[in-house]
Ligand code: AMP
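Residue numbers (the working numbering): 7 to 423.
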């Protein structure tokens with residue numbers, strides 16, 4: 007199939023051509039005709055599959071065909087709600103690219119920054135609004151946004167939305183949307199909680215699904231280094247000696263872990279930056295931009311912050327730890343080798359994570375290639391259940407000791423004053 011077969015408007019086909027897309031991706035091939043016919047759609051797909059164009063192109067097509075409400079101001083006719091700021095910005099950028107020739111305006115709003123600029127852009131009039139839930143409700147509450155003209159509603163990354171605790175915000179939002187609308191609902195996974203939520207939003211939806219897991223396995227070379235916990239840092243330096251790795255996205259489970267990796271890299275004069283939830287929005291955008299501009303070689307991210315990051319031509323992803331949920335691994339490595347590009351994923355595994363690596367291999371139905379003969383092989387054995395329990399107990403004892411000492415110190419300071 008080629009894009010011309012999808013019966014999109016001339017202006018949209020021209021914009022798609024400018025993006026150098028030749029053939030529609032699987033989700034686009036399946037979802038675009040259904041959305042053009044006016045159906046509600048329940049889509050199982052994640053970022054990296056071409057999902058944004060799958061909903062943005064047919065929505066723009068509808069908006070272009072309908073008469074724009076131009077008496078006075080442009081009204082919000084399509085609303086896309088997505089959980090993270092990074093994703094919101096990228097979706098809005100895509101709308102701008104695809105609407106290059108049909109003058110359909112969009113803007114993006116998200117929290118963590120002052121609202122003034124966003125309000126000004128809204129007041130200028132937009133057809134498409136891309137938003138994160140908190141700021142959206144906030145600006146509705148302040149009277150800057152009305153959803154009464156919304157005819158197209160997209161709820162994106164629904165599973166992540168629930169993970170991040172947005173369920174109440176979504177429910178509030180649904181009350182404010184017109185009943186007559188076309189709704190599109192996307193999620194990477196479809197457990198019952200998500201299906202229940204979709205039932206409150208969609209009417210007789212058509213289902214479409216693409217399975218990232220197999221796509222991932224086809225386009226990404228995956229390798230794993232088994233090592234000891236204490237050797238991870240040196241192993242990372244060793245891996246980064248490879249000059250072919252001009253840029254790499256490194257995943258860390260925790261925010262502190264991400265900061266620690268950046269500190270260690272900086273000590274070795276390796277340009278790096280971290281993005282995670284404790285960083286302000288301008289800091290996160292700056293870090294992402296310097297990575298995109300190739301000023302920074304290593305970008306270290308936590309899972310939530312990295313969700314939705316779209317970096318053109320990202321070839322390398324590194325897991326500094328092995329996630330305990332195998333799906334997270336698939337999400338992580340899906341950041342590279344997107345839309346058919348080649349990608350390489352490198353994982354560093356300490357003894358305690360060996361079991362997680364096994365779970366991942368089960369999910370992706372393939373063995374991850376082990377790198378043998380490296381300078382930091384795994385020599386320690388993973389703890390058995392009894393040792394693990396003893397180690398947890400010792401950790402708790404130390405924690406309690408620490409807090410007891412701190413309390414004692416505080417009390418003695420208070421007495422002195
Ligand atoms: P998404 O899943 O929407 O985040 O898209 C992932 C990446 O694929 C983005 O960089 C898009 O620009 C790109 N993309 C989307 N559709 C196509 C296509 N049909 N051909 C090539 N690249 C595409």
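We treat Cβ as the ideally placed atom computed from N, Cα and C, and that holds for glycine.
Buried or exposed, going by whether 16 or more other CB atoms sit within 10 Å of the CB of residue i?
i	result
residue 112	buried
residue 323	buried
residue 264	buried
residue 197	exposed
residue 369	exposed
residue 402	exposed
residue 25	exposed
residue 418	exposed
residue 172	buried
residue 221	Residue placement at residue 221 is flagged as unreliable, the pLDDT there being 48, under the threshold of 50; the coordinate-derived value follows with that caveat. Result: buried.
residue 36	buried
residue 337	buried
residue 295	exposed
residue 393	exposed
residue 269	exposed
residue 11	exposed
residue 30	buried
residue 201	exposed
residue 199	exposed
residue 21	buried
residue 8	exposed
residue 381	exposed
residue 58	buried
residue 300	exposed
residue 397	exposed
residue 45	buried
residue 148	exposed
residue 415	exposed
Taking the alpha carbon of residue i as the point to measure from, which residue in the options has its own alpha carbon closest?
i	options	result
residue 56	321, 306, 96	96
residue 309	292, 339, 301, 297	339
residue 298	255, 265, 59	255
residue 283	275, 273, 271, 312	312
residue 249	276, 413, 240	276
residue 302	321, 216, 280	280
residue 168	152, 183, 387, 194	194
residue 83	151, 252, 172, 396	151
residue 379	414, 246, 267, 241	241
residue 372	398, 396, 381, 332	332
residue 139	107, 175, 122	175
residue 53	304, 72, 165	165
residue 132	320, 155, 149	155
residue 123	334, 253, 145	145
residue 320	50, 348, 28, 134	348
List the residues that DSSP assigns as beta-bridge partners of residue i.
i	result
residue 212	47
residue 402	For residue 402, which the question treats as bridged, DSSP gives no partner whatsoever.
residue 229	352, 375
residue 305	255, 279
residue 336	According to DSSP, which records beta bridges pairwise, residue 336 is partnered with nothing at all.
residue 112	134
residue 325	257, 353
residue 160	86, 190
| request: Could you say if the segment 15–22 and the segment 172–191 meet the contact criterion of at least three C-beta pairs nearer than 8 Å? | output: no
| field | Three CB pairs or more closer than 8 Å across the segment 348–359 and the segment 53–67 | value | no
| Are the segment 120–132 and the segment 99–107 touching, with three or more C-beta to C-beta distances below 8 Å? | no
| request: Decide yes or no for the touch test of the segment 187–194 against the segment 224–234: beta carbon pairs closer than 8 Å, at least 3 of them. | output: no
| said: Below 8 Å, how does it come out for the segment 286–297 and the segment 113–121: are there three or more Cβ pairs, yes or no? | reply: yes
| Contact between the segment 152–161 and the segment 83–92 (3+ Cβ pairs under 8 Å) | Judged by Cβ distances under 8 Å, the segment 152–161 makes contact with the segment 83–92, as three or more pairs qualify.
| request: Specify whether the segment 356–370 and the segment 386–401 touch according to this definition: at least 3 beta carbon pairs, one from each stretch, less than 8 Å apart. | output: yes
| said: Check whether the segment 204–216 and the segment 38–53 touch, using three or more Cβ-Cβ pairs below 8 Å as the test. | reply: yes
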